Structure formats: C-alpha cells, structure tokens
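In terms of the working numbering, the sequence shown is residues 26 to 154.
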Amino acid sequence: VFRLVNNYLDPGGIFIFDMNTPYKYAELMGDAVIAENREDSSFIWENDYDPETGINEYALTLFLRRDDSLYEKEEELHTQRAWSEQTVRRLLEEAGMKVLAVTDAYTDKPVRADSQRLTYMVMEQGKHI
Numbered sequence: 026v027f028r029l030v031n032n033y034l035d036p037g038g039i040f041i042f043d044m045n046t047p048y049k050y051a052e053l054m055g056d057a058v059i060a061e062n063r064e065d066s067s068f069i070w071e072n073d074y075d076p077e078t079g080i081n082e083y084a085l086t087l088f089l090r091r092d093d094s095l096y097e098k099e100e101e102l103h104t105q106r107a108w109s110e111q112t113v114r115r116l117l118e119e120a121g122m123k124v125l126a127v128t129d130a131y132t133d134k135p136v137r138a139d140s141q142r143l144t145y146m147v148m149e150q151g152k153h154i
C-alpha cells in the first residue's frame, strides 16, 4: 500500500495518516464490549484482540431507525491489525518514503508508551520533475 501511495504522490508530496497502536488494542479495546443508545440509533461493538497475531476483530451490530420509526438491524465484521511504530517506519522507508514525523494522535507531542493513536507525516522522495 505504501508503495502505491508513494507512486501516486507528486514529487515531494506529503501523505498524512493515522493508526491505532498495539497498546490501544491490547489495553483499551481488548475483549471489551461497547454499547451505546442514541436518539436515532443504537450499537453494540464487540472486540476480540489476539496479541500474538496483532489482529483485532470487531463485530458491530447497528440498530438504525427508519422513516417509519421502526428499527432495522445491520451487522458488520471488521478486521484490523496492530502494527508497531518501528514496523510502520521500516515499511514506509522500504516503499521509498521519508518519515518526517510521528506524533501522538493529531498533536505535536511525541509518541508515548501509552499512545492510543499515532499520526504519521511522510514525504515522497526520489521522483524528479
């Protein structure tokens, strides 16, 4: 994916993205169930995190109010992988990109051991006009 991003960026182009951290998956989401009841919808979010594979799978059950005031149930299954900052840096560099900064979420603060989300700012390098 990073090679494709690098390929489509203009020379010197910037790519900014964020990712959840292994800490967030292991310590905050883990095997937790989150439920919320809102005025026009409700949801149940069931997490299952495997620290050995780094895979977080979550089942999302939505209850959405229709125009006739009845609720319709929808279900989704999502799979995400936790990546260490070091691995993401290595993959970005292997894709030909230069890491300009990695910060704690969308701040200018440095990454901490308990950071839940990291923001990466990277630049295409190597192309010439």
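Backbone N, C-alpha and C define an ideal beta-carbon position, used for all residues, glycine too. Source: prediction; values computed, not measured.
Cutoff 6 Å; reference residue i; Cβ partners in own chain excluding five residues on either side
| i | result |
| --- | --- |
| residue 99 | 87 |
| residue 123 | 148, 150 |
| residue 49 | 141 |
| residue 41 | 146 |
| residue 101 | 85 |
Residue range of the unbroken alpha helix (DSSP H) whose run includes residue i
| i | result |
| --- | --- |
| residue 111 | 110-119 |
| residue 29 | 27-33 |
For residue i: DSSP bridge partner residues
| i | result |
| --- | --- |
| residue 126 | 146 |
| residue 60 | 69 |
| residue 74 | 81 |
Delimiting residues of the beta strand (DSSP E) encompassing residue i
| i | result |
| --- | --- |
| residue 89 | 80-90 |
| residue 106 | 96-106 |
| residue 43 | 39-45 |
Beta-carbon separation (whole angstroms), residue i vs residue j, contact threshold 8 Å
| i | j | result |
| --- | --- | --- |
| residue 96 | residue 89 | 7 Å |
| residue 128 | residue 104 | 26 Å between Cβ atoms; not a contact. |
Nonlocal neighbours in the same chain, by C-beta distance under 7 Å from residue i, ignoring five residues either side
| i | result |
| --- | --- |
| residue 74 | 50, 51, 54, 55, 56, 81 |
Contact set for residue i: own chain, Cβ-Cβ below 8 Å, skip 5 residues either direction
| i | result |
| --- | --- |
| residue 136 | 110, 127, 128, 129, 143 |
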